[in-house]
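Trainee: One structure is given below, represented as structure tokens, and several questions about it will come after.
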Amino acid sequence: MNRLVFILLEQINHEAPDSVDYIIAFHILRYLSVIRGISIQNLADACMVSKSTISRFCRKIGYEDYNELMDELNRSSDHWHDILMNPRRRGNSEEYLLEISQVVTDLHRTMDYTKVHELARDIATHSKVYVMGSMQAYLPALQLQEELCLAGKVILAPAIYSLQTEAILHASEDDLFIIFSNSGQFFDRIFVNRENRNVMKIPKIWMITGNTDLKEDAMFNRIIYIPNNMHFEDHPLKFLLTANIITLAYEEYIEKHPYYENKR
């Protein structure tokens, strides 16, 4: 599923059904397969709003104007349909749990526990921690927030695009960001119109991803790779299990370093 669909779904998930932004996003999603190439006037008429309202909506969700939004829509593929029709997803339901057991074994075999414990230390030693993800990857982000809260560490998990963008653009060097992104392209949403990503060099960023081509650098300080995370039974299960592992590692760190118990 492409970036635009993620953003539009975020709008209908977080806006009131009678709001203008909800109406515009819902209309585009509902007629996704036939709306490509529609003029801004036709879209405005269909949503019973003005052209300036459509333009404002485009800017709010991260596009320079309506033409840029349409360009991305025209380039998008039916990847989400391909996922639904994947033979591995349409297999025997009675074999699903057997496949899940293999997923757990595979995750344990490939997990870099040294990095997990390093991340746990960073969570304990940073006063402000953000965890983020889009769509399916937001579920493990939310789970990590909940599990760490129960362990005594309150972290932030902004859900919508505008709040995620605001947090990143105003981050300090004392902030920690944990990003769940299977493709590793989470920040492409944030910086779609910005050539300079130097702001990402300010906070410390951990990327948890299935993209093994992604390399650690000045922007992605540390990466935890989750290999073979592209199949239906793998994703987001491996991310959810990873969130649990991180929480357990955090609790272990706090037990060994009680100094941070009072700094949470």
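Per this note's numbering, the sequence shown starts with residue 56, numbered consecutively.
For glycine and all other residues, C-beta sits at the position ideal for the given N, C-alpha and C.
Mapping the DSSP letters down to three states, classify L211 as helix, strand or coil.
Mentor: strand
Trainee: Can you tell me which of Q191, S227, A80, M187 puts its alpha carbon nearest to the alpha carbon of P258?
Mentor: S227
Trainee: What is the C-beta distance between Y280 and T264, in whole angstroms, given that I count them as a contact (C-beta under 8 Å)?
Mentor: 7 Å
Trainee: Run the CB neighbour count on E65, radius 10 Å, all protein chains shown included, and call it buried at 16 or more, exposed below.
Mentor: buried
Trainee: May I ask you to list the residues that DSSP assigns as paired with I279?
Mentor: I263
Trainee: Along the beta strand (DSSP E) that carries F246, what are the first and last residues, could you check?
Mentor: Premise fails: F246 is in no beta strand (DSSP E) and is neither H nor E.
Trainee: Thinking just about the alpha-carbon of each residue, which of H225, I210, A196, L211 is nearest to the one in F241?
Mentor: Of the candidates H225, I210, A196, L211, A196 places its Cα closest to the Cα of F241.
Trainee: Quick check on M103: does DSSP put it in helix, strand or coil?
Mentor: coil
Trainee: Among P213, V159, A304, I79, which has the Cα closest to the Cα of L203?
Mentor: A304
Trainee: Checking the sheet assignment: what are the DSSP bridge partners for G188?
Mentor: G188 pairs with F235.
Trainee: Opposite D230 in the DSSP bridges: which residues?
Mentor: K183
Trainee: Do you know whose CA, among Q219, T165, S74, lies nearest I245's CA?
Mentor: It is Q219 whose Cα lies nearest to the Cα of I245.
Trainee: Compute every distance between the C-beta of T169 and the non-hydrogen atoms of the ligand ATP, then say whether any falls below 6 Å.
Mentor: Annotation note on the ligand ATP: not contained in the displayed structure, which lists no ligands.
Trainee: Rounded to a whole number of angstroms, what is the C-alpha to C-alpha distance between L224 and K256?
Mentor: Between the alpha carbons of L224 and K256 lies a gap of roughly 11 Å.
Trainee: Is the Cβ-Cβ distance between I95 and F81 less than 7 Å?
Mentor: no
Trainee: With DSSP as the reference, label E65 as helix, strand or coil.
Mentor: Look at E65 here: in three-state DSSP terms it is helix.
Trainee: Comparing alpha-carbon positions, which option in I116, M187, E154 lies nearest V60?
Mentor: That would be I116, whose Cα lies nearest to the Cα of V60.
Trainee: By the 10 Å Cβ neighbour count, where 16 or more other Cβ atoms means buried, how is M262 classified, buried or exposed?
Mentor: buried
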